[in-house]
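Novice: Using my numbering, you'd call the opening residue of the sequence shown number 19 and step up by one each time.
C-beta: ideal position from N, C-alpha, C; glycine also.
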Amino acid sequence: MFLSDRWIQAITTISWGRVEISLTNLHSNPPCLAIIAVLLLWLNGGLGSLNFEWPANWRRCLWQLAVVLVVAFLATEIFARVSHALWGTAPEANAIKTMIGHPQVRYLFAFLIFPIWAVVEEVLYRAYFLQRIEWLARPWRYALPLAMLISSAIFAMRHLNYGVQEFPYYVFAGMMFSAIFLYTKRSIWFVSVIHYLKNTALLVWLNLAG
């Protein structure tokens, strides 16, 4: 996932008319991430660790986490605006903003891509990376905080195509999702819903700001 995009483009591009498909634009898409997530979990015997149950106290969790989500969203957006003012915005981020400004594409993201994306990313970065790193570092008393930090850094690295200045933003988001995942007894569904709502809120915010 972290190979040079130019090298990947050179060896994997498939062109058909004006449509071009390569690992450059597939490596961060939901189907590809889903395959990677399931494969990694299967190879390490971790499929049984997937918890698709709602937490027993989900109603209390929902309103508590709704407050946290609002505060975290505002904090990260303020940080993002400051970082953009200092270092500018990556061309890829501007391209994404322009693309999702179209109503048809906006609805496609909000109702189809974002829900799938949220589940897939949570399975890969929280169910696999966080729990796997925690298991590998289990002799150390700070194994869980370390796993949260490293898995969040990996999550942020996947978003580097939006610009290096976005790295702290996505590390923070990864830590937030990790905390929600752990707080809800490692419920994939619950953290995926919060992840989806956060993405959709960002989509609405970008369109209102634009």
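1. Between A155 and the rest of its own chain, which residues show a CB-CB distance below 8 Å, the 5 nearest in sequence each way excluded?
2. Any chance the region 190–201 sits against the region 53–63, with 3 or more Cβ pairs inside 8 Å?
3. On the DSSP letters alone, give me the boundaries of the alpha helix (DSSP H) that P163 sits inside.
4. Among the residues of its own chain, which have a CB less than 6 Å from the CB of S210, if the five just before and after it don't count?
5. Which residues bound the alpha helix (DSSP H) around I131?
6. So what's P186 in DSSP terms, helix, strand or just coil?
7. Among the residues of its own chain, which have a CB less than 7 Å from the CB of L58, if the five just before and after it don't count?
8. Kindly indicate which residue of Y143, A98, V89, I206 has the alpha-carbon position closest to the one of L51.
9. Tell me which same chain residues have a C-beta within less than 7 Å of the C-beta of Y214, skipping the five on either side of it?
10. Could you compute how far the alpha carbon of A55 sits from the alpha carbon of Y201?
Specialist: Taking the structure as given:
1. A161, L164, A165
2. no
3. 161–175
4. A136, V137, E140
5. It is not in any alpha helix (DSSP H) - I131 carries neither H nor E in the DSSP assignment.
6. helix
7. Y146
8. Y143
9. F132, P133, A136
10. 22 Å
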